[in-house]
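Residue numbers (this note's numbering), protein chains in the order written: chain Z, 1 to 175; chain B, 176 to 630. Here a beta-carbon is modelled for each residue, glycine too, at the ideal position from N, C-alpha and C. Read through the structure below, which is laid out as structure tokens, and then see the notes.
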Amino acid sequence: MSRHHLLALFDNFDEAEAAIVELRAGNIRGFNPDDLILKSPIEHPEVEGVLGNKPVHIQWFTLVGAILGGLLGFFLISGAQANFFAQIKGGKPIVPLPPNFVLTYEMFILGGVFITVLGFLICAGLPAKRSPLYSAKVSEDQIGILVSGDESAIAALKAIFSKHKALEIQEEAGK
Amino acid sequence: MEKDIRENIAWAQINKDVLRSLEAPRPLYWVILLVALAMVGVGVGCEIYQYQTGIGVANMNNPHVWGLYIATFIFWIGMSHSGTLLSAILHLMHADWRKPIYRFAEAMTTFSLMTAGLFVMIHLGRLWQFYYSLPYPNERGLWPNFQSPLLWDAMAIFTYLSSSIIFLYVGMIPDLAICRDNMHPGWRKKLYSLLALGWEGTDRQWRNFRVTYLTVACFLIPLAVSVHSIVASDFAMSQQPGWHVTSFPPYFVAGALYSGCAAIISLFIILRYVFKFEEYMTLSILKKTSRLTFAIAMVWTYLNAVEFASVWYSHDEAAKDVLIQKATGTYAPFWWMMIFCGSVVPLMLAFKRFQANIPVLFAVSLLLNLGMWLERWMIVAPTFSHGYYPWAWDHDQWPSLVQWGIVFGSFGWFALLFMVFCKVFPSVSMYEVKEMVYHRSLALKNGETAEEGVH
Numbered sequence: 001m002s003r004h005h006l007l008a009l010f011d012n013f014d015e016a017e018a019a020i021v022e023l024r025a026g027n028i029r030g031f032n033p034d035d036l037i038l039k040s041p042i043e044h045p046e047v048e049g050v051l052g053n054k055p056v057h058i059q060w061f062t063l064v065g066a067i068l069g070g071l072l073g074f075f076l077i078s079g080a081q082a083n084f085f086a087q088i089k090g091g092k093p094i095v096p097l098p099p100n101f102v103l104t105y106e107m108f109i110l111g112g113v114f115i116t117v118l119g120f121l122i123c124a125g126l127p128a129k130r131s132p133l134y135s136a137k138v139s140e141d142q143i144g145i146l147v148s149g150d151e152s153a154i155a156a157l158k159a160i161f162s163k164h165k166a167l168e169i170q171e172e173a174g175k
Numbered sequence: 176m177e178k179d180i181r182e183n184i185a186w187a188q189i190n191k192d193v194l195r196s197l198e199a200p201r202p203l204y205w206v207i208l209l210v211a212l213a214m215v216g217v218g219v220g221c222e223i224y225q226y227q228t229g230i231g232v233a234n235m236n237n238p239h240v241w242g243l244y245i246a247t248f249i250f251w252i253g254m255s256h257s258g259t260l261l262s263a264i265l266h267l268m269h270a271d272w273r274k275p276i277y278r279f280a281e282a283m284t285t286f287s288l289m290t291a292g293l294f295v296m297i298h299l300g301r302l303w304q305f306y307y308s309l310p311y312p313n314e315r316g317l318w319p320n321f322q323s324p325l326l327w328d329a330m331a332i333f334t335y336l337s338s339s340i341i342f343l344y345v346g347m348i349p350d351l352a353i354c355r356d357n358m359h360p361g362w363r364k365k366l367y368s369l370l371a372l373g374w375e376g377t378d379r380q381w382r383n384f385r386v387t388y389l390t391v392a393c394f395l396i397p398l399a400v401s402v403h404s405i406v407a408s409d410f411a412m413s414q415q416p417g418w419h420v421t422s423f424p425p426y427f428v429a430g431a432l433y434s435g436c437a438a439i440i441s442l443f444i445i446l447r448y449v450f451k452f453e454e455y456m457t458l459s460i461l462k463k464t465s466r467l468t469f470a471i472a473m474v475w476t477y478l479n480a481v482e483f484a485s486v487w488y489s490h491d492e493a494a495k496d497v498l499i500q501k502a503t504g505t506y507a508p509f510w511w512m513m514i515f516c517g518s519v520v521p522l523m524l525a526f527k528r529f530q531a532n533i534p535v536l537f538a539v540s541l542l543l544n545l546g547m548w549l550e551r552w553m554i555v556a557p558t559f560s561h562g563y564y565p566w567a568w569d570h571d572q573w574p575s576l577v578q579w580g581i582v583f584g585s586f587g588w589f590a591l592l593f594m595v596f597c598k599v600f601p602s603v604s605m606y607e608v609k610e611m612v613y614h615r616s617l618a619l620k621n622g623e624t625a626e627e628g629v630h
């Protein structure tokens with residue numbers, strides 16, 4: 001059965017949230033509540049309560065990036081200093097830890113920042129192709145709910161959107 | 176109580192106002208751009224002359240081997256701390272009033288770091304040997320000295336610059352999507368489409384965006400502190416009189432935040448007028464920025480006093496001599512001017528009537544930055560002129576016009592980059608201003624509901 005996509009636009013978060021609650025509780029055949037995407041012009045953390053628990057994994061990228069950055073920094077410096085092994089060091093350590101800490105610290109941060117951003121791109125699915133159902137109004141002042149479902153579910157989905165005063169409903173028949 | 180922003184501005188209007196700034200600024204914008212270009216011309220001309228003739232034309236010779244270049248380098252590094260303060264520190268403290276002004280502060284960070292980096296190269300004279308300061312072996316297989324603060328500087332500045340660019344860019348992605356959606360086909364639309372990465376404002380994107388922004392902000396704060404501490408180590412880890420002071424790192428960090436805040440006030444006033452941002456860069460926000468600047472000015476004044484006291488009571492005669500030289504010698508007018516601009520002028524910010532008085536604040540902010548530039552010069556020059564060896568003293572060596580020209584040109588370079596940025600990219604964060612308006616209207620609504628309940 002072919003999948004259909006619907007994008008409903010609302011002019012406030014209250015109506016959009018109410019529509020999401022009803023969509024998730026409605027038990028509509030041919031519609032999986034997890035196939036629901038909210039598009040909004042601003043960050044709206046309150047919506048997470050109604051969308052369900054969706055964990056963020058970026059912190060793991062940060063941890064790995066920072067550790068790798070620090071290790072890379074330390075071993076790069078130490079490796080270079082070890083080149084001077086044959087030279088007379090006058091009793092001073094070949095790999096002096098206190099001064100090396102500074103560069104290790106900088107590389108720790110550099111690795112952390114770079115890999116965090118890489119993690120962001122992966123976790124947020126960016127760069128992304130523009131989805132066919134998109135309205136520039138979403139980046140202005142309207143809130144969009146994008147759903148996909150079987151043909152049989154479309155009428156019920158549209159009814160819920162209309163009940164909650166959707167300003168516009170766009171439809172696209174997909175694969 | 177004055178409002179930071181009107182709660183009834185339509186979101187579509189916010190987009191319209193900010194996007195208009197990309198296309199139709201006031202004529203003063205073009206005047207600033209032309210003046211900046213002329214200043215860059217002077218600087219580039221001086222640099223070409225110095226490059227072709229030799230560093231001698233800068234009149235940098237023993238004992239003044241750093242001259243104005245390194246003093247100005249520290250000034251620009253300091254300026255860069257404004258973005259971190261407004262974006263990262265105030266973001267973590269949930270200070271909503273930063274939202275309309277943090278974007279240009281972040282841009283200031285990036286461009287002042289780029290300007291600072293130039294001075295390290297200009298000061299070398301032999302530009303082609305710049306790579307000696309990078310962690311990369313030379314043609315004889317020798318690595319640079321990893322125990323030198325100068326190498327730490329190179330790494331710290333690279334880390335800070337790249338992280339700041341990333342922070343600026345990531346924070347701008349939702350706004351780039353707005354630009355993409357609203358621009359007519361042309362080079363701008365192509366640029367914004369490319370940079371927006373296909374952002375659509377989905378809940379998944381916002382969720383990850385929030386965590387990323389917060390994480391990078393958390394990294395930037397210790398990074399900013401480390402960068403200026405390392406710059407302070409260029410001085411404090413040496414044995415030169417007047418520089419070997421334990422309080423230098425916090426003193427440098429405070430000075431950096433101070434000059435950054437003062438520059439934010441200057442640019443706030445310029446952008447507010449040039450791009451017609453009166454609705455967003457409000458007097459209430461300017462007042463808060465002035466108060467913050469005043470607080471930091473007092474911290475800087477205190478740390479200055481600590482530095483003088485620690486030199487005076489250290490019984491280190493050479494360091495004491497340098498301090499006396501600063502106050503009474505060749506550099507005395509500049510040193511006292513520094514004290515006046517850095518510690519006396521900001522007292523005006525303590526008065527409510529001046530905290531949102533635009534002409535007064537503009538003049539004050541320029542004087543504060545003059546004081547902060549003089550501070551850096553007064554750290555560098557007096558120690559060189561009056562070091563440990565009396566036969567190496569030179570109180571009369573003066574920077575040549577070439578040095579002054581390059582320093583002058585750097586201000587044009589910064590202004591040019593900054594003004595071009597503000598014309599190509601939104602200098603007010605549209606989505607964060609919308610958040611601010613949304614939260615404010617929500618708070619008002621909740622307040623009204625609670626009041627109705629009481630009645």
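In whole angstroms, what is the alpha-carbon distance linking residue i and residue j?
| i | j | result |
| --- | --- | --- |
| lysine 175 (chain Z) | phenylalanine 31 (chain Z) | Its pLDDT being 48, under 50, lysine 175 (chain Z) is placed unreliably in this model, and the value from its coordinates should be taken loosely. Lysine 175 (chain Z) and phenylalanine 31 (chain Z): Cα-Cα distance of roughly 15 Å. |
| leucine 325 (chain B) | serine 434 (chain B) | 23 Å |
| valine 50 (chain Z) | threonine 377 (chain B) | 15 Å |
| histidine 570 (chain B) | valine 240 (chain B) | 13 Å |
| serine 422 (chain B) | alanine 19 (chain Z) | 59 Å |
| phenylalanine 394 (chain B) | valine 113 (chain Z) | 7 Å |
| serine 441 (chain B) | glycine 517 (chain B) | 16 Å |
| isoleucine 180 (chain B) | leucine 467 (chain B) | 19 Å |
| alanine 484 (chain B) | alanine 502 (chain B) | 14 Å |
| proline 55 (chain Z) | histidine 419 (chain B) | 50 Å |
| tryptophan 327 (chain B) | valine 402 (chain B) | 9 Å |
| glutamine 188 (chain B) | proline 45 (chain Z) | 24 Å |
| alanine 494 (chain B) | serine 465 (chain B) | 35 Å |
| tyrosine 563 (chain B) | aspartate 491 (chain B) | 11 Å |
| leucine 432 (chain B) | tryptophan 272 (chain B) | 18 Å |
| isoleucine 353 (chain B) | glutamate 140 (chain Z) | 7 Å |
| leucine 631 (chain B) | phenylalanine 509 (chain B) | Residue 631 (chain B) lies beyond the residue range present for chain B, which begins at 176 and ends at 630; the question has no answer from this structure. |
Per DSSP, which one or two residues make a beta bridge with residue i?
| i | result |
| --- | --- |
| glycine 149 (chain Z) | Z:His4, Z:Phe31 |
| glycine 144 (chain Z) | Z:Leu9, Z:Lys39 |
| glutamate 172 (chain Z) | Z:His5 |
Just reading off the alpha helix (DSSP H) that residue i is part of, what are its end residues?
| i | result |
| --- | --- |
| histidine 403 (chain B) | 378-411 |
| serine 434 (chain B) | 423-449 |
| alanine 124 (chain Z) | Alanine 124 (chain Z) -> no alpha helix (DSSP H), and no H or E assigned at all. |
| alanine 480 (chain B) | 458-487 |
Closest Cβ-Cβ distance between residue i and chain Z: below 8 Å?
| i | result |
| --- | --- |
| isoleucine 353 (chain B) | yes |
| phenylalanine 423 (chain B) | no |
| leucine 372 (chain B) | yes |
| leucine 180 (chain B) | Rather than leucine, the amino acid found at residue 180 (chain B) in this sequence is isoleucine. No, its Cβ sits nowhere closer than 8 Å to a Cβ of chain Z. |
| phenylalanine 321 (chain B) | yes |
| isoleucine 341 (chain B) | yes |
| alanine 405 (chain B) | The displayed chain sequence assigns isoleucine, not alanine, to residue 405 (chain B). Chain Z, which has a Cβ nearer than 8 Å to the Cβ of isoleucine 405 (chain B), makes this yes. |
| valine 345 (chain B) | yes |
| methionine 268 (chain B) | no |
| aspartate 356 (chain B) | yes |
| tyrosine 606 (chain B) | yes |
Chain B beta carbons: is any one of them nearer than 8 Å to that of residue i?
| i | result |
| --- | --- |
| aspartate 35 (chain Z) | no |
| lysine 175 (chain Z) | Note that lysine 175 (chain Z) has pLDDT 48, beneath the 50 cutoff, so the model's placement of it is unreliable and the number below is only indicative. Answer no: the Cβ-Cβ gap between lysine 175 (chain Z) and chain B never drops below 8 Å. |
| serine 131 (chain Z) | yes |
| glutamine 81 (chain Z) | yes |
| alanine 136 (chain Z) | yes |
| serine 139 (chain Z) | yes |
| isoleucine 42 (chain Z) | yes |
| phenylalanine 101 (chain Z) | no |
| isoleucine 109 (chain Z) | yes |
Using 8 Å for Cβ pairs, my map puts residue i next to residue j. What's the rounded Cβ distance?
| i | j | result |
| --- | --- | --- |
| isoleucine 67 (chain Z) | threonine 387 (chain B) | Not confirmed; about 18 Å, so no contact. |
| phenylalanine 321 (chain B) | leucine 103 (chain Z) | 6 Å |
| leucine 7 (chain Z) | glycine 144 (chain Z) | 5 Å |
| leucine 133 (chain Z) | glutamate 172 (chain Z) | 5 Å |
| glycine 417 (chain B) | valine 486 (chain B) | 7 Å |
| glycine 253 (chain B) | glycine 430 (chain B) | 6 Å |
| glutamine 170 (chain Z) | serine 135 (chain Z) | 7 Å |
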